[in-house]
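Colleague: For the protein sequence lines, the chains are A and B, in the order given.
If you read the first sequence in numbering that gives the first Met the number 0, its first letter stands for residue 0, the second for the next number, and so on.
If you read the second sequence in numbering that gives the first Met the number 0, its first letter stands for residue 0, the second for the next number, and so on.
I'd like to ask some things about the structure below.
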Amino acid sequence: MSDAAAQPGIVIVGAGQAGLQAAESLRAGGYQGSITLLGDEHHGPYHRPPLSKAWLAGEIEASQLVMRAPELLARKGIELRTDTRVAAIDRGSQLVHLADGTALPYAGLVLATGATPRMLSLPGADAANVLALRSREDGAAISDAFVHCRAHNLPVVVIGGGFIGLEVAATARKLGLAVTVLEAAPRLLARALTPRLSDWFAELHRGHGVQLVLGAKIARIETEGGYASAVLAADGTRYPAGLVVVGIGVAANDMLARVAGLECDHGIVVDDCARTSDPLITAAGDCTVRQLEDGGLLRLESVNNATEQAKSAAAALLGQVRPFTGTPWFWSDQFGWKLQMTGLAAGADQVVLRGDMQGASFSLYHFQGDKLRSVDSLNAAKDHLTARKLLDAGLSPTPAQAADMAFDLGSLVAKK
Amino acid sequence: MVEIVFVEPSGSRVAVNINEGWSLMQGATTGGVDGILGECGGSCACATCHCYVDEDRLSELPAAGESELEMLENVAAERRPNSRLACQIKASAALEGLVVTLPETQE
Chain A
0 MSDAAAQPGI
10 VIVGAGQAGL
20 QAAESLRAGG
30 YQGSITLLGD
40 EHHGPYHRPP
50 LSKAWLAGEI
60 EASQLVMRAP
70 ELLARKGIEL
80 RTDTRVAAID
90 RGSQLVHLAD
100 GTALPYAGLV
110 LATGATPRML
120 SLPGADAANV
130 LALRSREDGA
140 AISDAFVHCR
150 AHNLPVVVIG
160 GGFIGLEVAA
170 TARKLGLAVT
180 VLEAAPRLLA
190 RALTPRLSDW
200 FAELHRGHGV
210 QLVLGAKIAR
220 IETEGGYASA
230 VLAADGTRYP
240 AGLVVVGIGV
250 AANDMLARVA
260 GLECDHGIVV
270 DDCARTSDPL
280 ITAAGDCTVR
290 QLEDGGLLRL
300 ESVNNATEQA
310 KSAAAALLGQ
320 VRPFTGTPWF
330 WSDQFGWKLQ
340 MTGLAAGADQ
350 VVLRGDMQGA
360 SFSLYHFQGD
370 KLRSVDSLNA
380 AKDHLTARKL
390 LDAGLSPTPA
400 QAADMAFDLG
410 SLVAKK
Chain B
0 MVEIVFVEPS
10 GSRVAVNINE
20 GWSLMQGATT
30 GGVDGILGEC
40 GGSCACATCH
50 CYVDEDRLSE
60 LPAAGESELE
70 MLENVAAERR
80 PNSRLACQIK
90 ASAALEGLVV
100 TLPETQE
């Protein structure tokens with residue numbers, strides 16, 4: 000192959016949000032060498048956020064998910080190779096071995112391998128209509144199963160009351176399907192939200208006709224001819240299903256890195272500049288876990304984290320130091336409500352409400368002592384954006400100011 | 000199909016035919032236009048599809064909604080009176096030939 004003859008450039012493993020961002024940031028940063036973007040899917044980079052929403056609802060077509068026209072990537076000198084699986088990384092020889100037996104030399108490497116949905120280890124979990132949602136194809140399969148459920152008047156059972164599960168549930172209800180959500184924890188979104196907001200989301204889903212079971216223990220999935228027909232709970236309750244969607248979290252795809260001897264701990268360990276334990280290798284997005292200054296490890300699965308880490312990774316390979324110091328943010332769309340979160344609530348000991356939780360919009364401000372840690376906003380984009388500015392600048396309103404609708408929180412930013 | 004003319008940060012003009020009902024963000028990114036990121040996929044959550052709409056035709060567009068106006072406060076480049084988010088503008092026959100200029104930066 001001609002690759003070996005050419006000057007080694009930068010190879011990016013993974014053509015998702017982080018991989019594409021790294022490629023574009025390298026070019027924007029003036030990198031002149033070759034950039035090869037390797038993706039194991041059949042498609043080039045595509046938008047994943049709509050997969051649980053508009054794509055699942057059949058409101059948009061596949062071409063609307065495309066993040067970049069192939070000709071634009073070509074124009075930027077980014078060589079995209081789809082259907083390309085990486086078998087191993089040889090750090091000693093600086094080679095990426097592909098599954099087809101060829102190898103690519105690299106001067107720098109970005110690992111943006113994403114994550115894989117966890118599956119249930121229960122009898123019946125391998126049935127054809129027990130599905131997780133990560134890829135376009137997953138979304139299409141769930142979408143097809145929705146059609147089947149509607150035609151045969153069968154309910155959808157969602158296992159896992161996290162963001163993916165609840166977005167799928169909301170989309171299914173929007174299409175008029177009967178939906179049951181089974182969550183093992185005593186509340187929804189327990190990893191991301193404080194109890195008050197978990198309760199609010201439970202009420203939202205119940206109000207839209209979702210049958211919500213908290214503290215659910217699942218015994219097995221009943222099957223008929225290889226297809227799930229019901230989910231059986233440990234207490235004997237039987238939840239009939241034409242489709243079972245499993246949304247119980249993801250595992251970072253860190254196998255390549257682990258085998259290559261990079262430091263991993265439920266994800267590829269990176270510093271705040273997206274650098275791994277090998278100076279020639281960076282990593283970004285869902286496959287990573289970030290080492291914090293206090294020694295803790297932070298896993299964030301979000302578009303914001305993917306793009307920010309990718310920018311840091313590109314900078315690191317260009318010999319620059321670009322820490323990801325911005326306040327993390329995240330969003331979710333369910334039943335016409337946009338949840339926007341920023342900051343990290345860990346350690347918070349006081350919650351202050353701004354607005355009315357029964358009204359059209361509100362935000363919850365989480366304080367640790369008198370320091371603002373995070374803000375969760377529902378249909379309150381202004382609160383969210385102001386919070387991002389405050390947290391970025393290390394500023395805190397007082398709890399009383401946060402609760403006072405008449406007080407302009409933006410004025411604190413302006414004063415800086 | 001609706002023809003929209005994008006002016007890239009480099010100054011190059013790229014005419015793209017966009018399906019009616021698609022957003023200008025989708026039309027631009029799938030049409031090979033440089034200068035739009037669209038990180039959030041069109042959820043009005045990231046403000047990286049900032050654009051300047053031909054001022055003379057601004058009034059022909061449906062007005063920006065509340066969340067778009069809020070997000071516009073967060074754009075990386077200068078916000079101007081004709082600033083919009085391309086993900087929130089749907090292509091329609093009324094917009095035929097619209098010139099949309101992309102800012103220097105989205106991040």
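Glycine residues also receive a C-beta, built at the ideal position from the N, C-alpha and C atoms.
Since we're looking at a predicted model, the values are computed, not measured.
Going by Cα to Cα distance, which pick from His383/A, Gly354/A, Ala359/A, Ala401/A is closest to lysine 370/A?
Modeller: Of the candidates His383/A, Gly354/A, Ala359/A, Ala401/A, the one whose C-alpha sits nearest the C-alpha of lysine 370/A is Ala401/A.
Colleague: So is glycine 30/B in contact with chain A if we call contact Cβ pairs under 8 Å?
Modeller: With 8 Å as the cut-off, glycine 30/B counts as an interface residue toward chain A.
Colleague: Would leucine 317/A and leucine 19/A be called neighbours here (beta carbons separated by less than 8 Å)?
Modeller: Not closer than 8 Å, so no.
Colleague: Roughly how many angstroms lie between the CA atoms of lysine 89/B and glycine 208/A, to the nearest whole one?
Modeller: Whole-angstrom Cα-Cα distance: 31 Å.
Colleague: So, do the stretch 220 to 234 of chain A and the stretch 133 to 152 of chain A have three or more beta carbon pairs nearer to each other than 8 Å?
Modeller: With the cut-off at 8 Å, the stretch 220 to 234 of chain A and the stretch 133 to 152 of chain A do not touch.
Colleague: Pull up the CB-CB distance for glycine 214/A and leucine 187/A, whole angstroms please, since I reckon it's below 8 Å.
Modeller: Rounded, the Cβ-Cβ distance is 11 Å, inconsistent with contact.
Colleague: Check arginine 83/B in the structure and name its three-state DSSP category.
Modeller: In the structure shown, arginine 83/B sits in a strand (DSSP, three-state: E or B).
Colleague: Given a cut-off of 8 Å, decide if alanine 114/A and asparagine 252/A are closer than it, judged by their beta-carbon atoms.
Modeller: Their beta carbons are under 8 Å apart, which means asparagine 252/A touches alanine 114/A by this criterion.
Colleague: Based on Cα-Cα distance, which residue from Thr281/A, Gly248/A, Asp271/A lies nearest to leucine 255/A?
Modeller: For the residues Thr281/A, Gly248/A, Asp271/A, the minimum Cα distance to leucine 255/A belongs to Thr281/A.
Colleague: Please confirm if leucine 384/A has its CB atom under 8 Å from at least one CB of chain B.
Modeller: Cβ-Cβ to chain B under 8 Å: yes for leucine 384/A.
Colleague: Starting from the beta carbon of aspartate 332/A, find every residue of chain B whose beta carbon is closer than 8 Å, and list them in chain order.
Modeller: Residues of chain B passing the Cβ test: Ser42.
Colleague: Considering only residues of the same chain and omitting the five flanking positions on each side of glutamate 106/B, which have a CB-CB separation below 6 Å?
Modeller: Only Ala75 meet the Cβ criterion.
Colleague: Please list the terminal residues of the continuous beta strand (DSSP E) segment that includes asparagine 16/B.
Modeller: Start and end: 12 to 17.
Colleague: Work out the CA separation of phenylalanine 145/A and alanine 127/A for me, nearest whole Å.
Modeller: Using only the alpha carbons, I get a separation of about 14 Å.
Colleague: Quick one: which residues of the stretch 60 to 74 of chain B get their C-beta closer than 8 Å to a C-beta of chain A? List them in chain order.
Modeller: Listed by position, the residues of the stretch 60 to 74 of chain B near chain A (Cβ gap below 8 Å) are Glu65, Ser66, Glu69, Met70, Glu72, Asn73.
Colleague: In terms of residue numbering, what span does the beta strand (DSSP E) encompassing glutamine 63/A cover?
Modeller: Note, glutamine 63/A: premise wrong, no beta strand (DSSP E); not H, not E.
Colleague: Under the three-state reduction of DSSP, which class applies to glutamine 308/A: helix, strand or coil?
Modeller: Three-state result, glutamine 308/A: helix.
Colleague: Establish whether the CB of aspartate 33/B and some CB of chain A are separated by less than 8 Å.
Modeller: Interface residue, yes.
Colleague: Taking Cβ positions only, does glutamate 38/B come closer than 8 Å to chain A?
Modeller: Chain A contact via Cβ: present.
Colleague: Chain B partners of glutamate 166/A, CB-CB under 7 Å?
Modeller: Neighbours of glutamate 166/A on chain B: none; closest Cβ ~11 Å, over 7 Å.
Colleague: Express the C-alpha separation of cysteine 39/B and valine 52/B in angstroms, rounding to a whole number.
Modeller: Their backbone Cα atoms lie some 21 Å apart in a straight line.
Colleague: According to a CB-to-CB cut-off of less than 7 Å, which residues of the stretch 200 to 223 of chain A neighbour chain B?
Modeller: Of all residues in the stretch 200 to 223 of chain A, none has a Cβ within less than 7 Å of some Cβ in chain B.
Colleague: What does DSSP give as the partner residue(s) for isoleucine 217/A in the beta ladder?
Modeller: According to DSSP, which records beta bridges pairwise, isoleucine 217/A is partnered with Ala232/A.
Colleague: Give a yes or no on whether 8 Å exceeds the smallest Cβ distance from glutamine 339/A to chain B.
Modeller: Cβ-Cβ to chain B under 8 Å: yes for glutamine 339/A.
Colleague: Looking only at its own chain, which residues have a Cβ that is under 6 Å from the Cβ of leucine 153/A, when we skip the five neighbours before and after it?
Modeller: Excluding sequence neighbours, leucine 153/A sits near Gly241.
Colleague: Within 10 angstroms of its Cβ, does valine 258/A collect 16 or more other Cβ (buried), or is it exposed?
Modeller: Valine 258/A comes out exposed.
Colleague: Please confirm if the stretch 174 to 186 of chain A is in contact with the stretch 343 to 360 of chain A, defined as three or more CB-CB distances below 8 Å between the two stretches.
Modeller: Because the criterion of three Cβ pairs below 8 Å is not met, the stretch 174 to 186 of chain A and the stretch 343 to 360 of chain A do not touch.
Colleague: Here's the rule: buried if 16 or more other CB atoms are within 10 angstroms of the residue's CB, otherwise exposed. What is aspartate 382/A?
Modeller: With 16 or more other Cβ atoms within 10 Å, it is buried.
Colleague: Under 7 Å Cβ-Cβ, which residues of chain A neighbour glutamine 25/B?
Modeller: Chain A residues near glutamine 25/B: Gln63.
Colleague: Measuring only the C-alpha atoms, how far is serine 301/A from alanine 405/A?
Modeller: For serine 301/A and alanine 405/A, the distance between alpha carbons rounds to 33 Å.
Colleague: Could you check which residue in Asp332/A, Ala344/A, Gly368/A has the C-alpha nearest to that of alanine 380/A?
Modeller: For the residues Asp332/A, Ala344/A, Gly368/A, the minimum Cα distance to alanine 380/A belongs to Asp332/A.
Colleague: What residues of chain D sit near proline 48/A, judged by a beta carbon separation below 7 Å?
Modeller: Any reference to chain D falls outside this structure, whose protein chains are A and B.
Colleague: With distances taken between CB atoms, is the gap from threonine 193/A to leucine 411/A smaller than 8 Å?
Modeller: Going by C-beta atoms, threonine 193/A is not nearer than 8 Å to leucine 411/A.
Colleague: By Cβ distance below 7 Å, which residues in the same chain neighbour cysteine 45/B in space, the five residues on each side in sequence not counted?
Modeller: Excluding positions up to five away in sequence, the list reads Glu38, Cys39.
Colleague: Could you give the C-beta distance for valine 12/A and glycine 43/A, rounded to a whole number, given that I count them as a contact under 8 Å?
Modeller: Not a contact, Cβ separation roughly 15 Å.
Colleague: Is valine 302/A close to chain B? Criterion is C-beta to C-beta, closer than 8 Å.
Modeller: It does; some Cβ of chain B falls within 8 Å.
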